[in-house]
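Asks: Here it is: the structure, laid out below.
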Amino acid sequence: MSLITEEFISIEEVARKMRADLCSVSDKKKIGILYAFNGTGKTRLSSFFDDESGTCLSYNAFFEDLFVWDNANCIFQVESDSRIIRFIIDQGLEGQITDYFQKLIGSKIFPSYDFVGGEVTFNFSPGDERSEDNIKISRGEESLFIWSVFYTVLQNVLLALGTKEDDRETDQFNNLELIVIDDPVSSIDDTGIITLAVDLIDTIRSFESSSIKFLITTHHPLLFNVLFNGFSRVKDCKEKSWILLRSGANLKLKEQDDSPFGYHHVIRETITEAIALNSLDRYHFNLFRGLLEKTANFLGYRNYTDCLEGQNKESINRLINLYSHGKLSELESKHFPDTHQVLFVEAYNDFLERFRWKT
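Residue 3 in the UniProt record's numbering sits at position 3 of the sequence shown; the count goes up by one each step and never skips.
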């Protein structure tokens, strides 16, 4: 079967296409997996699936925004009026959240919940004199806690939907058609990513109904590959996977075949096409950095800058650091001076030639 590549002028068009593919009639569970670089529009894509009818349950940046730190008092504030938090309160799921959170982090950090009051605090309790109350957890631990909240809700929602409607403990999700999960891997190491992915595969695999469709989007190649390989072995599952790329001012949605995802090849194709179309963006500097880092690691170099040569080595390295730093790398369409573009193209082409990348 030939693979299809389609081009769209907006992320909303991509969302409509993907929803139509996922929600078409099927007697199998449908699972979509999408890979996209940061800045391509994944977060906005997930938001187009949300509506007020209760047909979609989403984990994305908007869900993460339900949690905000009160740094002065080390309190994790929670939007207690949200549907998810009300469900947790009604079902008494706090203990399950704690159990899964501790499984992921592997340490003695205990959350204390006041979801009605919109607060969570964290205590470190190793069982000796090192115990400490009201601690500020790390970014990675914070990300895993928020995911633990959603994952616990997901498990219980699927459990309810797998029960006859008259026997369900809740009817809050009776209209659910689609579950969208966007990048639950911020600040998480590879071990955490694999654990998260395997657990997610097992949970979806154990849900026997074909009534709910799943879409998982990520910028992380490891998560994509674990999910892709895991779902491909599920007999009652119809998996569909895509790669979303920029193509000039448009977006290109490419079907992924049954071979492993080659992250470095996608980066090279993306940058090469952008140069050919004269549509380089700031985020291409970040992609180039990723390609340099992958090459340096493979060759045993100490630093990605060892893959750069020539009299403009320091200049291009400064630009890579500038455009890869912080939120600059997430800007979706910010142009830069022509001189920067010339430096980029020269350095990139020299890199391909010296390391004998096939074009």
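Beta carbons: idealized from backbone N, C-alpha and C, even for Gly.
Residue 252 lies in the beta strand (DSSP E); which residues open and close that run?
Replies: Element bounds for residue 252: 250-255.
Asks: Among 79, 36 and 71, whose alpha-carbon lies nearest the alpha-carbon of residue 117?
Replies: It is 79.
Asks: Please return the same chain residues whose Cβ sits closer than 6 Å to the Cβ of residue 6, not counting the five positions on each side in sequence.
Replies: Only 253 meet the Cβ criterion.
Asks: Does residue 183 pass the burial test, meaning 16 or more other C-beta atoms within 10 Å, or should it be called exposed?
Replies: Residue 183 is buried by the Cβ-count criterion.
Asks: Quick one, are the C-beta atoms of residue 367 and residue 290 less than 8 Å apart?
Replies: In the structure as shown, the chain starts at 1 and stops at 359, and residue 367 therefore has no counterpart that could be examined.
Asks: Between the stretch 9-16 and the stretch 211-227, do at least 3 Cβ pairs fall closer than 8 Å?
Replies: No, they do not touch.
Asks: CA-CA distance, residue 333 and residue 56?
Replies: Residue placement at residue 333 is poorly supported in this model, since its pLDDT is 46, which falls under 50; the coordinates still yield a value, given next. Each residue's Cα considered, the two are about 29 Å apart.
Asks: Provide the residue span of the beta strand (DSSP E) that contains residue 244, from first to last.
Replies: Where residue 244 is concerned, the enclosing beta strand (DSSP E) stretches over 237-247.
Asks: Consult DSSP for residue 23 and reduce its assignment to one of helix, strand or coil.
Replies: Looking at residue 23 - three-state DSSP - the assignment turns out to be helix.
Asks: Tell me residue 112's beta-bridge partners as DSSP assigns them.
Replies: For residue 112, which the question treats as bridged, DSSP gives the partners 121.
Asks: Report yes or no: do three or more beta-carbon pairs, one from the stretch 238-253 and one from the stretch 25-45, lie closer than 8 Å?
Replies: Contact holds: three or more Cβ-Cβ distances are below 8 Å.
Asks: Identify whether residue 33 lies in helix, strand or coil by the three-state DSSP scheme.
Replies: In this structure, residue 33 counts as strand in the three-state DSSP scheme.
Asks: What are the residues that DSSP puts in a beta bridge with residue 91?
Replies: According to DSSP, which records beta bridges pairwise, residue 91 is partnered with nothing at all.
Asks: Going by alpha carbons, who is nearest to residue 146 out of 341, 301, 100 and 190?
Replies: Per the Cα distances, 100.
Asks: How close, in whole Å, do the beta carbons of residue 93 and residue 152 come, if the pair is a contact with beta carbons under 8 Å?
Replies: Yes, they are in contact, since the Cβ atoms of residue 93 and residue 152 sit about 5 Å apart, within 8 Å.
Asks: Taking only runs of the alpha helix (DSSP H) that begin and end inside the stretch 170-201, which ones reach a length of at least 4 residues, in chain order?
Replies: Counting whole runs of 4 or more residues, the stretch 170-201 contains no alpha helix (DSSP H) stretch at all.
Asks: Can the beta-carbon of residue 237 be found less than 8 Å from the beta-carbon of residue 31?
Replies: Yes, the pair counts as a contact, with Cβ atoms nearer than the cut-off.
Asks: As a quick exercise: from 233, 279 and 214, pick the residue whose alpha carbon is nearest that of residue 249.
Replies: The shortest C-alpha separation from residue 249 is found at 279.
Asks: Contact criterion: CB-CB distance below 8 Å. Does residue 152 meet it with respect to chain C?
Replies: Absent from the structure: chain C. Only one protein chain is present.
Asks: Looking only at C-alpha atoms, which of 173, 219 and 107 sits nearest to residue 193?
Replies: The candidate whose alpha carbon is nearest that of residue 193 is 219.
Asks: Determine the extent of the alpha helix (DSSP H) in which residue 158 is found, giving its start and end residues.
Replies: That run of the alpha helix (DSSP H) goes 139-161.
Asks: From which residue to which residue does the alpha helix (DSSP H) around residue 315 run?
Replies: First-last of the alpha helix (DSSP H) with residue 315: 313-324.
Asks: If we ignore side chains and look at the alpha-carbon of each, how far apart do residue 297 and residue 265 end up?
Replies: Cα-Cα distance, rounded: 16 Å.
Asks: Indicate the three-state DSSP secondary structure (helix, strand or coil) for residue 104 in the structure shown.
Replies: Of the three classes helix, strand and coil, the one that applies to residue 104 here is helix, per DSSP.
Asks: Could you spell out the range, first to last residue, of the alpha helix (DSSP H) harbouring residue 348?
Replies: Residues 338-354.
Asks: So the candidates are 91, 98 and 166; which of them puts its Cα closest to the Cα of residue 120?
Replies: Nearest C-alpha to residue 120: 98.
Asks: So for residue 57, helix, strand or coil by DSSP?
Replies: Residue 57: strand per DSSP, three-state reduction.
Asks: Counting C-beta neighbours from all protein chains within 10 Å, is the total for residue 73 16 or more, i.e. buried, or is it exposed?
Replies: Per the 10 Å Cβ criterion, exposed.
Asks: Measure the CB-CB distance between residue 122 and residue 137 and report whether it falls below 8 Å.
Replies: Cβ distance < 8 Å, so residue 122 and residue 137 count as in contact.
Asks: Which same chain residues end up closer than 7 Å to residue 45 when comparing Cβ atoms and leaving out the 5 residues on each side of it in sequence?
Replies: Excluding sequence neighbours, residue 45 sits near 11, 14, 15 and 217.
Asks: Would residue 271 and residue 287 qualify as a contact pair, given that the criterion is a beta-carbon distance under 8 Å?
Replies: Yes, Cβ-Cβ distance for residue 271 and residue 287 is below 8 Å.
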